[in-house]
Each structure stands twice: as C-alpha cells, then as structure tokens.
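Novice:
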Amino acid sequence: MSFSATGETQFRETTPGELALIETIHASAFGREEEARLPQAIIEAGHDVISVVAAQGDYLIAHALFSALEGAERALALGPVAVVPDHQGEGAGTRLVRYGLDLARERGWRSVFVLGDPAFYKRLGFRRDLALGAVVPWAGPSFQALELVPGSLAGWSGLLRYPAAFGQGDAD
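Under UniProt numbering, residues 1 to 172 are what the sequence shown spells out, in order.
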C-alpha cells in the first residue's frame, strides 16, 4: 500500500476492511443512500478500481473512487468523491483526487471521466470539450474528462459504459 502525507492528513489506498467506513463518509457527505452504497457495489462487483482515502490518524475524512470504463482505451470514471462535512472546504478532496490521478497515471490509465461541478473539476484539469465524444445518459455541461496521457481522447467518440451500479445498466 502506498501513501503520501501532507501535514497530518495521509492519502492512501483503501483496505478491504474499510468499506463500511467509506459508506459512512458518503452518507454523511451526501445524505442519500445511493451515493453511500455505490463504492461498495462497484468494488464488490469486481471492477478494476482505484479506491483512495484521506485519513487523519484512524479517522477517514474523504474517499474517492476511480472505476474502469468500457469504450475509450484505458479510461476511468471518477466518482463518487466525498469529504465528511466537518472537513469540507479544507482542500482534502482536491488533494485526494490528485493523489488518485497520480496513481492512475502510474498504472497506465489514459483518461478519466467525471460528472461533477465544472468549477471544482476544472481546477484539476478536467475539460468539457474532452468529454463531448462520449455517449452517456448524463452528457451535459457537468460531464468532463481529463487526459492522463496527452492526446488520448483526440478523435475518440463512442459509447462509454460505466459499471452497472452507476444506474446505466448493461443495455446499449
């Protein structure tokens, strides 16, 4: 397991025994069961994932999940991302996503797609124009992409299939 530390907050990959704690992070951040159960559903379905947490001692304050997509070559979906309410606005979410992106780059992933706040994700390098070729049910101004390998999405377009837990299901 690799990790890096910034001050008292450590960024590392999750361990199998932390799924219940991860669910609690998402439940407290979103207040909805769908987001709280999504990481566990994706991980337990056996999808290729990068699951990272921000921890302060034994207390997990944030979680981000990257899961493999079908369609674009070596593409990941980012989400859900959650920070417990009493630590929101401190930069832990931004640093955690950057940590996960670094791991993805090191492991040979080529691009990452996200559905989220354009103002937040733009700071991390995500762009709306890079996601325009993707055919997904939630296409729109909040659907963005980041090239981990420059030019990896140039000229690409097609169906982008998410794990079924995201609600897209297996239908084309």
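We put the CB at the ideal spot given by N, CA and C, even for glycine.
(1) For H47, name the three-state secondary structure that DSSP assigns.
(2) Classify A45 as buried or exposed, calling it buried when 16 or more other Cβ atoms lie within 10 Å of its own Cβ.
(3) Given a threshold of 16 other Cβ atoms within 10 Å of its Cβ, counted over all protein chains shown, does P163 qualify as buried or as exposed?
(4) Report the rounded CA-to-CA distance for F143 versus L132, giving the unit in angstroms.
(5) Take E147 as the anchor and find which of G89, A72 and L60 has the nearest alpha-carbon.
(6) Within a Cβ cutoff of 7 Å, which residues of the same chain sit near L69, ignoring the five residues on either side of it in sequence?
(7) Okay, do the region 148-158 and the region 83-96 touch, 3+ Cβ pairs below 8 Å being the bar?
(8) Measure the C-alpha to C-alpha separation of F126 and G57 and round it to an integer number of angstroms.
(9) Which residue marks the beginning of the alpha helix (DSSP H) containing F11, and which one marks its end?
(10) Can you grab the Cα-Cα spacing for the pair F120 / F66, in whole Å?
(11) Can you say whether E33 is buried or exposed, counting buried as having 16 or more other CB atoms within 10 angstroms of its CB?
(12) Spell out the partners DSSP gives S60 in its beta bridges.
(13) Checking 7 Å against the spacing of the C-beta atoms, do H47 and A36 come in under that value?
(14) Tell me the rounded alpha-carbon separation between G116 and V81.
Specialist: On the basis of the coordinates in this document:
(1) coil
(2) exposed
(3) buried
(4) 8 Å
(5) A72
(6) A75, L76, A77, F113, L160, R161 and Y162
(7) no
(8) 31 Å
(9) Segment T9 to E13 is the beta strand (DSSP E) holding F11; no alpha helix (DSSP H) there.
(10) 17 Å
(11) exposed
(12) Checking the sequence, you will find Leu at residue 60 rather than Ser. DSSP output for L60 lists A55 as bridge partner(s).
(13) no
(14) 10 Å
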